Amino acid sequence: MEPIEEMSLWSGVPQAPVDPIYSVSLAYKADTHPQKVDVSVGAYRCPGGKPFVMKCIYEAEKRLLGANKEYLPIDGICDFNRNSAELLFGDAMKGHEKRMVTVQALSGTGALRLGVIFIRKYLPAGTIVYASRPTWTNHHNICKESGVPSAEYAYYDTKNSRLDFDGMMRDIENAPNGSVFILHLCAHNPTGCDPTREQWEAIADLMAKKRHIPFMDCAYQGYASGDLDNDAFSARLFFERGFELLSAQSYSKNFGLYGERAGALTIVSKKADNIPRMLSQLKMDIRAMYSSPPTHGARLVATILADPELRALWVTELKEMSGRIREMRQALLDALKERNVPGDWTHITSQIGMFTYTGLNPAQVKLLVEKYHIYLLSSGRVSVAGLNHNNVAYVADAIADAVANVQ
Ligand code: LMR
């Protein structure tokens, strides 16, 4: 036995696994190679490859200079919450405001976490939260750390680089009635592959039959098609069909507010009289975790959404950003074709949003990282926003090498 003064209460703390996204981005930052490329984390980069602050944010920041730093209400800024719900649900929510509750959250992750805690407390014990296979790597962590069982539903057909719609429908059908399904609003992370409108309708039909609960993860509204309303189709469909649903909105990508942690959780109820009690419980959870949300990011979003000129500027900039990503998809596809890289790479341009799920295997990814200093996720996910006209040929050369020489 160790002498008492050598013992620590914490000696039994096991090492947690590294985060599969942040660890890659950190490795990129530590690399000193002059040609290194970061296509790991889902964060927009300007054509010069640098982090980017939108003009509408500059403008809003000027207006907010000197704003007080007092605590926000526990549930956040009232206008921010209302405008967040309107941005997502649009006209579909008109007349239904009283049966919805929105609270400001620590971006998408915080909103998901609050929502999953709510599920644990108020849905029947053992309710399973289903996430797509593959999905954003944090979904299962959030459920696990909240003490909620999670499982996967089929989503992507890796062989044919497209949605596995039949598999998805089969798993929705086979899940116990009343399960929660995390559905990516649009621009699915990591595959960039969304259901069509007809497929969404069929998903909604089946979800209704099974009494499942949609939990919309809305991190990329505006990034899929460049059109905010178009991108919100799935959430509006579920809303219009009368589902009691949850939504987690992040403003990290569409306002470029990554580190500001601005987001919102909305929960829809069939009955308006549930809402005050639901809000009281959400506020109690927030107060017990972090008292009240941060001010700056949400104030920026609220300022932009409430001002027609700033809002128009934001919409224009968002179109430019999603347009630049589409341009880079085409540039990568063209460069691979020029190099006659074996295989069909057209999924690079048919996929949408920030990511392309290249189909490169972990060994090929390893070559890209170790030989070329190109940092992507081991799943083969590339953040297309990290590509630009200076690095796309280099990345295509590396992919050509990996495909030719690594099985
Ligand atoms: C990503 O998927 O790269 C982003 O959503 C960043 C994150 O938090 O994982």
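Numbering-wise, the numbering used here comes out as the position in the sequence shown, counting from 1, plus 121.
Ideal Cβ positions, reconstructed from N, Cα and C, are used throughout, including at glycine.
Predicted model, so just to flag it, every value in this text is computed and none were measured.
Exercise. Decide yes or no for the touch test of the segment 219 to 233 against the segment 377 to 392: beta carbon pairs closer than 8 Å, at least 3 of them.
Key: yes
Quiz item: Which residues share a DSSP beta bridge with Val224?
Solution: Bridge partners of Val224: Leu386.
Quiz prompt | Cβ neighbour criterion (16 or more within 10 Å) applied to Gln528 | solution = exposed
Quiz item: Is it buried or exposed for Lys215, if we count other Cβ within 10 angstroms and need 16 for buried?
Solution: Exposed, since its Cβ has fewer than 16 Cβ neighbours within 10 Å.
Exercise. Over the uninterrupted alpha helix (DSSP H) stretch that includes Asp455, give me the two end residues.
Key: 429 to 459
Quiz item: Beta carbon of Ala340: closer than 7 Å to some heavy atom of the ligand LMR?
Solution: Distances between the C-beta of Ala340 and the heavy atoms of the ligand LMR include at least one below 7 Å.
Self-check item: Sufficient close CB pairs (3 or more, under 8 Å) joining the segment 493 to 506 to the segment 142 to 155
Solution: Segments in contact, yes.
Quiz prompt | C-alpha distance - Arg291 paired with Asp352, whole-angstrom precision | solution = 25 Å
Quiz prompt | Burial state of Glu191, where buried means 16 or more other Cβ atoms lie within 10 Å | solution = exposed
Quiz item: Among Asn281, His333, Ala329, Arg357, which residue has its Cα nearest to the Cα of Arg318?
Solution: Arg357
Quiz item: Between the C-alpha atoms of Ile469 and Thr479, what's the straight-line distance to the nearest angstrom?
Solution: 7 Å
Quiz item: For Lys242, which option in Leu454, Arg432, Val269 has the closest C-alpha, if you only look at C-alpha atoms?
Solution: Ranking Leu454, Arg432, Val269 by CA distance to the CA of Lys242 puts Val269 first.
Self-check item: Whole-angstrom distance between Ile446 and Gly418, CA atom to CA atom
Solution: 24 Å
Practice problem: Select from Asp522, Thr467, Asn511, Leu489 the residue whose C-alpha is nearest the C-alpha of Ser161. | Solution: Leu489
Quiz item: Just to confirm, are Val224 and Asn512 a CB contact at a threshold of 8 Å?
Solution: No, the pair does not count as a contact, with Cβ atoms beyond the cut-off.
Quiz item: Measuring CB to CB, does Leu378 end up less than 8 Å from Met337?
Solution: no
Quiz item: Which residue spans inside the segment 224 to 281 form an unbroken beta strand (DSSP E) run of at least 3?
Solution: 250 to 254, 271 to 275
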